[in-house]
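**Student:** For reference, the structure I am asking about is given below.
Number of protein chains: 2
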Amino acid sequence: MSEEVPAQTRVRGRRPSQGEPVVDRALALLDAFDATHPYLTLSELSRRSGIPASSALRLAGRLLEWGALERDAAGRFSIGLRLWEVASLTPRGHGLRQVALPFMGDLEEVTRQHVLLAVREGDEALMVERLSSHGAVAALYRPGGRMPLHSTGVGLVLLAFAEAAFQERILGQSLMHQPENVPVSPAALRRTLAEIRRDGLSTFRRGAPGPIVSVAAPVHDAQGTVVAALSVVVPAENAEPRLLGPAVRTAARGISRGLGLRRAPGTA
Amino acid sequence: MSEEVPAQTRVRGRRPSQGEPVVDRALALLDAFDATHPYLTLSELSRRSGIPASSALRLAGRLLEWGALERDAAGRFSIGLRLWEVASLTPRGHGLRQVALPFMGDLEEVTRQHVLLAVREGDEALMVERLSSHGAVAALYRPGGRMPLHSTGVGLVLLAFAEAAFQERILGQSLMHQPENVPVSPAALRRTLAEIRRDGLSTFRRGAPGPIVSVAAPVHDAQGTVVAALSVVVPAENAEPRLLGPAVRTAARGISRGLGLRRAPGTA
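Protein sequences appear in the order of chains Y and F. Basically the working numbering = 1-based index in the first sequence + 277. Basically the working numbering = 1-based index in the second sequence + 277.
Quick look at the structure:
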């Protein structure tokens with residue numbers, strides 16, 4: 278078996294006993310897919326996962342049988358619908374989406390642009406849902422994809438309400454605005470986060486790919502913890518953030534109430 | 278290792294060689310979760326997966342580390358957001374949803390009830406997305422959940438346009454209408470499927486839990502194959518299926534065009 282297990286996989290496991298590296302390798306096969314690589318041939322799957330083709334094929338066979346992977350007529354692998362079915366049970370994704378969707382629909386109807394819902398995952402924001410009208414402005418990020426906390430409206434809200442230690446760690450990094458790749462001033466970011474906490478609202482402007490304004494508000498769970506952020510993203514021309522703010526905050530409060538929050542949290 | 282691998286798992290694998298049963302057991306842990314069991318304690322996880330607690334804990338540890346599972350403060354396991362992130366790459370789920378969502382939003386705005394998108398998965402329909410207005414009628418099925426092909430509007434459309442051999446296999450089963458649990462007449466079902474193929478539309482009525490009408494139409498891919506079904510579900514009272522039909526067909530054609538279909542497929 279030794280030639281089957283890549284060294285890095287074996288080292289990564291804290292308990293390199295009989296079965297677990299195989300699980301890690303199966304997960305590495307899933308990791309090989311991303312938004313720009315939703316279909317992979319066997320050799321691409323092998324190369325991107327670092328698993329020899331023979332092992333990759335055998336492991337993929339188990340995943341195909343269960344439905345975690347699918348294979349098309351051309352022999353290319355993709356993520357399977359059965360995996361999505363199971364994954365839709367994740368409380369932070371599915372349950373939150375179900376509560377949020379009607380409120381997001383209301384906002385989308387009013388703004389006719391993008392409405393986003395995101396949660397924090399590691400050091401980034403993960404877009405759990407987006408409703409987009411026909412003809413909405415070009416979007417930089419996609420549902421199921423990750424966004425930087427420090428240069429998106431929803432990310433700033435999630436960062437503003439995160440634990441202090443987490444905030445300090447992020448503020449200690451050399452951050453760049455995305456997609457412009459311009460350095461972020463830690464002092465300015467610190468002020469922005471304080472304003473978001475004070476107002477319960479973030480108004481964020483971005484110049485590329487097109488000038489947009491994102492107006493974002495926090496979503497609280499039953500315990501009052503900020504568990505998600507809701508935003509509308511509209512073209513900068515004609516945008517009236519002062520009018521959008523109350524709509525976004527109202528919808529975010531509706532979602533919070535749907536998650537069990539009894540009364541609106543104070544905003545200082 | 279022998280006492281670690283439950284017999285049924287070992288028998289199920291076609292190649293009971295070194296690593297694969299461990300992958301099957303990891304997948305069995307994921308299988309232990311469902312819509313009524315989104316949170317599981319270790320002992321529930323062990324019992325529902327048929328994997329001894331010690332092995333379940335070790336395997337769950339690998340899945341936790343990668344993010345396929347999460348664990349809350351009470352020690353309960355749930356499906357992890359990282360799994361949802363990867364699973365959202367499934368072409369039949371995510372890509373389809375992204376194309377369909379704006380059209381679904383249009384329909385929901387017009388009908389103010391439920392708008393459903395489903396695909397066939399095995400012998401059932403899988404709900405890929407649902408938009409529901411505030412105050413919409415009680416829903417029997419949920420997004421990410423399965424629905425019977427023979428007793429839902431979207432299911433009947435998917436069945437009507439499935440391969441003949443698949444249809445015959447389903448028609449050969451002793452089917453019961455759900456949730457009423459009344460036998461389905463194969464001859465009547467065969468006529469219904471022929472009408473759906475002729476009209477490019479299904480109008481399905483259900484009495485429980487409340488009287489509803491579902492009006493559903495097929496979604497075609499670039500090759501003209503029916504890959505999904507779109508429906509609106511409205512309360513039976515005041516419903517005017519003859520008016521809803523054109524709206525649903527129009528939205529379904531819009532989605533088909535978004536998937537690359539050049540011209541509307543013939544309906545006779």
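Every residue, glycine too, gets a C-beta built ideally from N, C-alpha and C. Values in this document were obtained by computation on a predicted structure and should not be read as measured data.
Using a Cβ-Cβ cutoff of 9 Å, what residues of the region 368–388 of chain Y are near chain F? List them in chain order.
**Tutor:** Pro368, Arg369, Gly370, His371, Gly372, Arg374, Gln375, Leu378, Pro379, Phe380, Gly382, Asp383, Glu385, Glu386
**Student:** For the 8 Å Cβ check, are there 3 or more pairs between the region 308–316 of chain Y and the region 521–541 of chain Y?
**Tutor:** They do not touch, by the three-pair rule.
**Student:** Quick one: residues in its chain with C-beta nearer than 7 Å to the C-beta of Gly484(Y), no 5 flanking neighbours on either side, listed in chain order?
**Tutor:** Glu457
**Student:** Among Trp361(Y), Leu408(Y), Glu398(Y), which one has its Cα closest to the Cα of Asp383(Y)?
**Tutor:** Leu408(Y)
**Student:** Using a Cβ-Cβ cut-off of less than 9 Å, list which residues of the region 413–433 of chain Y approach chain F; keep chain order.
**Tutor:** The residues in question are Ala413, Arg419, Pro420, Gly421, Gly422, Arg423.
**Student:** Using the three-state DSSP reduction, which class does Ser320(F) fall into: helix, strand or coil?
**Tutor:** helix
**Student:** Counting along the chain, where does the alpha helix (DSSP H) carrying Gly489(Y) start and finish?
**Tutor:** In the sequence on display, residue 489(Y) carries Ile and not Gly. Judged by DSSP secondary structure, Ile489(Y) falls outside any alpha helix (DSSP H) and instead within the beta strand (DSSP E) spanning 489–497.
**Student:** For Gly412(Y), which of Val511(Y), Ala528(Y), Leu521(Y), Phe354(Y) has the nearest alpha-carbon?
**Tutor:** Val511(Y)
**Student:** Is there a Cβ of chain Y sitting closer than 8 Å to that of Phe481(F), yes or no?
**Tutor:** no
**Student:** Verify the CB distance criterion: does Asp301(F) have a CB-CB separation below 8 Å to chain Y?
**Tutor:** yes
**Student:** Please report the straight-line C-alpha distance between Leu452(F) and Ser479(Y), rounded to a whole angstrom.
**Tutor:** So the alpha carbons of these two residues sit roughly 54 Å apart.
**Student:** Taking a cut of 9 Å between CB atoms, which residues from the region 478–503 of chain Y lie near chain F?
**Tutor:** Of all residues in the region 478–503 of chain Y, none has a Cβ within less than 9 Å of some Cβ in chain F.
**Student:** Quick one: which residues of the region 313–328 of chain F get their C-beta closer than 8 Å to a C-beta of chain Y? List them in chain order.
**Tutor:** Pro315, Tyr316
**Student:** Unbroken alpha helix (DSSP H) runs of length 4 or more, entirely within the region 465–535 of chain F: which are they?
**Tutor:** Runs found: 518–535.
**Student:** Is Ala395(Y) helix, strand or coil when you go by DSSP?
**Tutor:** strand
**Student:** Could one say the Cβ of Leu448(F) lies closer than 8 Å to chain Y's Cβ atoms, at least one of them?
**Tutor:** no
**Student:** So with CB distances below 7 Å, who are the chain Y contacts of Gly357(F)?
**Tutor:** Correct list: Thr367.
**Student:** According to DSSP, what are the bridge partners of Ser462(Y)?
**Tutor:** Per DSSP, none; premise fails for Ser462(Y).
**Student:** Looking only at its chain, what residues have a beta carbon closer than 7 Å to the beta carbon of Arg526(F), apart from the 5 residues adjacent to it on each side?
**Tutor:** Gly477, Leu478, Ala494
**Student:** Interface residues of chain F around Arg467(Y) at Cβ under 8 Å?
**Tutor:** Near Arg467(Y) there are no residues of chain F at all, since even the closest Cβ is about 28 Å away, more than 8 Å.
**Student:** Rounding to the nearest angstrom, what Cα-Cα distance links Ala437(F) and Ala415(F) in this structure?
**Tutor:** Ala415(F) has its alpha-carbon roughly 26 Å from the corresponding atom of Ala437(F).
**Student:** Using a beta-carbon distance below 8 Å, is Val461(F) in contact with chain Y?
**Tutor:** no
**Student:** Pair every Cβ in the region 327–347 of chain Y with every Cβ in the region 365–380 of chain Y, then say whether three or more of these pairs are closer than 8 Å.
**Tutor:** no
**Student:** Rounded to the nearest angstrom, what separates Ala528(F) and Gln444(Y) at their Cα positions?
**Tutor:** 45 Å
**Student:** Between the region 397–414 of chain F and chain Y, which residues of the former have CB atoms less than 7 Å from a CB of the latter, in chain order?
**Tutor:** Glu398, Leu403, Leu408, Ser409, Ser410, His411
**Student:** Using beta-carbon positions only, say whether Arg339(F) and Asp301(Y) come within less than 8 Å of one another.
**Tutor:** yes
**Student:** Excluding sequence positions up to five away, which residues of its chain have a Cβ less than 6 Å from the Cβ of Pro283(F)?
**Tutor:** Annotation note: pLDDT 39 at Pro283(F) (below 50); position unreliable, coordinate value reported separately. The answer, listed in chain order, is Gly327.
**Student:** With distance defined between alpha-carbon atoms, name the residue in Glu514(Y), Val496(Y), Leu322(Y) nearest to Arg482(Y).
**Tutor:** Glu514(Y)
**Student:** According to DSSP, simplified to helix, strand and coil, what is Ala330(F)?
**Tutor:** Here Ala330(F) sits in helix by DSSP.
**Student:** Find the residues of chain Y that neighbour Phe354(F), judging by a C-beta separation of less than 8 Å, and give them in chain order.
**Tutor:** Chain-order list of chain Y residues neighbouring Phe354(F): empty, with the shortest C-beta distance near 11 Å, by a criterion of under 8 Å.
**Student:** Output the boundary residues of the alpha helix (DSSP H) element that contains Ala442(F).
**Tutor:** Judged by DSSP secondary structure, Ala442(F) falls within the alpha helix (DSSP H) whose first and last residues are 441–448.
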